[in-house]
Amino acid sequence: MSTSPWHRDNGEVVVAEASRLIDRQLSQSTRRQFLARGLTLGGIGLLSGCRIDDNATAEAALSRISRFNDRIQGWLFDSSRLAPTYPESMITRPFPFNAFYDESRVPEVDGASFLLEVTGLVADKRSWTLHELRALPQYTQVTRHICVEGWSAIGKWGGPRFGDFLRAVGADLSARYVGFQCADDYYTSIDMATALHPQTLLALDWDGQPLPPRYGFPMKLRMPTKLGYKNPKHIRAIFVSNSFNRGYWEDQGYNWFGGS
38 MSTSPWHRDN GEVVVAEASR LIDRQLSQST RRQFLARGLT LGGIGLLSGC RIDDNATAEA
98 ALSRISRFND RIQGWLFDSS RLAPTYPESM ITRPFPFNAF YDESRVPEVD GASFLLEVTG
158 LVADKRSWTL HELRALPQYT QVTRHICVEG WSAIGKWGGP RFGDFLRAVG ADLSARYVGF
218 QCADDYYTSI DMATALHPQT LLALDWDGQP LPPRYGFPMK LRMPTKLGYK NPKHIRAIFV
278 SNSFNRGYWE DQGYNWFGGS
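Note that my numbering gives residue 81 to position 44 of the sequence shown, counting from 1, and the numbers run on in steps of one.
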């Protein structure tokens, strides 16, 4: 059987580049994460058995591999496994600002009049004030924020466990997804298992103070089990659904699950 040029050459280039990118991020990986990323590389390797003659077909193949990777990461996710925590002496100060826009465009949100919208598969669809959110049991964590761009930083966040909030609004915990709309027009969604993870916080505080605008006021979802782009800031609305919704970066090709 003849072998197309893409089959031999371009397929090997894709695998080699994927291997380089994965190896660059393995220094802080656990064995479980290595398996997840290794399976991603194996999925890309499947391309060497395909004939892909145009960019559209290549994008479709990579999209299928991305969805496969999402399923593998979801299967490997352990809701009882905690991300590492650190002493306050290791907090990164100043903590980096990072967004899809310049810091001068950080949205201004009036905390006094702010109302968090709650919709979808929940029993109580009333909106929540910041005062009501602070009345929930509060937790603090010092964990590492890992950016898909290759950098990381350690921060201290505080707020109610997101799972406690979902229970308080009577969310259908058997639903598959939780989605977020933000004041800066960012949007994303996560799996319910991660939403209920004990380290997933609806963060209202940063380093012992109310969350500054540059870090996501009035609130951000803090998930040390996911990469930074999955941690939405300036949240204004939350919805629970069985319908799959992607996200700002996911619509541009990033993996949806985004585990760290």
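The beta-carbon is built from N, C-alpha and C at its ideal position, and this holds for glycine as well. Since the model is a prediction, treat every value here as computed from it, not as a measurement.
Do you know how far the Cα of residue j is from the Cα of residue i?
i: Glu140; j: Tyr252; result: 10 Å
i: Ala232; j: Pro121; result: 18 Å
i: Met256; j: Leu241; result: 5 Å
i: Leu167; j: Glu287; result: 29 Å
i: Ile272; j: Glu125; result: 26 Å
i: Phe132; j: Trp188; result: 12 Å
i: Thr177; j: Tyr123; result: 12 Å
i: Glu145; j: Glu154; result: 17 Å
i: Arg366; j: Gln236; result: Since the first and last residues shown for the chain are 38 and 297, residue 366 lies out of range.
i: Ala190; j: Ile183; result: 7 Å
i: Gly296; j: Pro250; result: 25 Å
i: Asp221; j: Lys193; result: 23 Å
i: Trp293; j: Leu152; result: 28 Å
i: Gln289; j: Ile128; result: 31 Å
i: Asp263; j: Leu119; result: A small fix is needed here, since residue 263 is Lys in this sequence, not Asp. So the alpha carbons of these two residues sit roughly 12 Å apart.
i: Asp107; j: Ala274; result: 24 Å
i: Ala160; j: Phe276; result: 12 Å
i: Val143; j: Gln110; result: 32 Å
i: Cys219; j: Phe254; result: 10 Å
i: Ala212; j: Leu158; result: 8 Å
i: Ser280; j: Ala136; result: 27 Å
i: Tyr291; j: Arg104; result: 10 Å
By the three-class DSSP mapping on this structure, what secondary structure does residue i have?
i: Ile227; result: strand
i: Gln289; result: helix
i: Gly141; result: Reading off the sequence, residue 141 comes out as Ser, not Gly. Note: Ser141 maps to helix in three-state DSSP.
i: Ser85; result: For Ser85, the predicted model reports a pLDDT of 43, less than 50, meaning its position is unreliable and no value from the coordinates is stated.
i: Gly245; result: coil
i: His168; result: helix
i: Ile128; result: coil
i: Leu113; result: helix
i: Lys267; result: helix
i: Ala220; result: coil
i: Tyr123; result: coil
i: Arg108; result: helix
i: Arg118; result: coil
i: Ala232; result: helix
i: Arg273; result: strand
i: Arg181; result: strand
i: Arg251; result: helix
i: Arg259; result: strand
i: Leu239; result: strand
Go ahead and label residue i buried or exposed: buried means 16 or more other beta carbons lie within 10 angstroms of its beta carbon, across all protein chains shown.
i: Arg130; result: exposed
i: Trp360; result: For the chain, the structure presents residues 38 to 297; residue 360 sits outside this window and is missing.
i: Phe134; result: exposed
i: Arg198; result: buried
When the distance is taken between beta carbons, is residue j closer than 8 Å to residue i?
i: Tyr223; j: Asn282; result: no
i: Tyr138; j: Thr225; result: no
i: Gln175; j: Gly195; result: yes
i: Thr180; j: Pro261; result: yes
i: Arg204; j: Leu238; result: no
i: Asp201; j: Leu173; result: yes
i: Gly207; j: Ser278; result: no
i: Val185; j: Gly265; result: yes
i: Leu210; j: Met229; result: yes
i: Ile227; j: Lys267; result: yes
i: His234; j: Ser150; result: no
Entirely enclosed beta strand (DSSP E) segments - the region 189-216, minimum 3 residues: 189-196
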